[in-house]
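Below is one structure, written out as structure tokens, with a few remarks after it.
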Amino acid sequence: MDLFATSAISLFTDPEGGIRYWPDFLPQEQADAWFERLRVGCEWQSERRLMYERLVDVPRLLATYRTDALPESLPLADLLAQVRATVPAPFNAVGLNFYRDGADSVAMHNDKLHTIVPGQPIALVSLGNARRMNLRAKDRSRGFAIELAPGSLLVMSHASQLSHLHGIAKTTRAVGPRISAVFRVRPEPWAPDD
DNA sequence: GAAGGTCAAGCGCA
DNA sequence: CTGCGCTTGACCTT
Numbered sequence: 594m595d596l597f598a599t600s601a602i603s604l605f606t607d608p609e610g611g612i613r614y615w616p617d618f619l620p621q622e623q624a625d626a627w628f629e630r631l632r633v634g635c636e637w638q639s640e641r642r643l644m645y646e647r648l649v650d651v652p653r654l655l656a657t658y659r660t661d662a663l664p665e666s667l668p669l670a671d672l673l674a675q676v677r678a679t680v681p682a683p684f685n686a687v688g689l690n691f692y693r694d695g696a697d698s699v700a701m702h703n704d705k706l707h708t709i710v711p712g713q714p715i716a717l718v719s720l721g722n723a724r725r726m727n728l729r730a731k732d733r734s735r736g737f738a739i740e741l742a743p744g745s746l747l748v749m750s751h752a753s754q755l756s757h758l759h760g761i762a763k764t765t766r767a768v769g770p771r772i773s774a775v776f777r778v779r780p781e782p783w784a785p786d787d
């Protein structure tokens, strides 16, 4: 029995479940402990991108694992079990994003369609500092935002990736580090360095 | 293989 | 303050 993953808030509806949010998915103590273990233990990768003749850092750190090869030093198997208790999908991938401070961000985007399987959801667990996620329908019919609290779960349908964009804007507010763990069902075969 | 989309920082605008 | 839309260009997707 899980006393925490009780009530989902529906942010958007479609035939595949739309976009749902569980603010209290994990107990706070567990969210805090897992955040620290992931921050210290993940093999964080930085990337660079060219823009206007300058090489700039991608404003976040990244890590990717197959769910069938999770490092035992990380709490990802436990986290996956928690996620699957609420979202019963055959997740085979977890991507982690480390937003170190308010200068880290990700532009509005939808998940790469070749990295997800039609009909299967995407499950995003937030740890560490809260950050605001902006969401917008691609047809611009509506936009909304959700404060992604530590220990929360956001589930987005495959269909919602066709209809909506999401992103994390930079902020001048003093915000501490945040980690998101995003579970996906990727078409096989795939490798973590894809 | 051509065409179109992505997405990084910074600026102007509302 | 915030979000948004525009810019270039290498790389990715269709």
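For the first sequence, this note's numbering assigns the number 594 to the initial residue and increments by one for each residue that follows. Even glycine gets a Cβ: it sits at the ideal position worked out from N, Cα and C.
The three-state reading of DSSP puts Phe628 in helix, counting H, G and I together. Per DSSP, Asp671 is one residue of the alpha helix (DSSP H) stretching across 669-679.
Between the C-alpha atoms of Thr679 and Pro616 there is a straight-line separation of about 13 Å. By the Cβ neighbour-count rule, Thr657 is buried, with 16 or more other Cβ atoms within 10 Å of its own. Taking all protein chains in view, the Cβ of Met644 is surrounded by fewer than 16 other Cβ atoms within 10 Å, so the residue is classified as exposed. For Ser756, the closest of Gly688, Leu706, Trp637 by C-alpha to C-alpha distance is Leu706. Sorting Asp661, Asp625, Ala762, Trp627 by C-alpha distance to the C-alpha of Arg725 places Ala762 at the top. Between Ser753 and the set Gly695, Ser600, Gly610, the nearest pair of CA atoms involves Gly610. In this chain, the beta strand (DSSP E) harbouring Ala730 covers 724-730. The DSSP-derived three-state label of Leu654 is strand. The Cβ-Cβ distance between Asp607 and Ser750 falls below 8 Å. DSSP places Ala700 in the uninterrupted beta strand (DSSP E) bounded by 699-702. Looking only at Ala784, Arg632, Arg777, the smallest Cα-Cα distance to Pro681 is reached by Arg777.
In the displayed model, Gly688 falls within a strand according to three-state DSSP. For Thr660 against Leu673, the beta-carbon gap comes to about 6 Å, under 8 Å, which counts as contact. Minimum Cα-Cα distance from Val676 among the listed residues Gly721, Leu747, Val699, Arg766 corresponds to Leu747. The C-alpha of Ala774 is placed about 15 Å away from the C-alpha of Gly760. As DSSP reads the structure, Ala774 sits in a beta bridge with Leu689, Val718. Under the three-state reduction of DSSP, Ser666 is assigned to coil, being neither helix nor strand.
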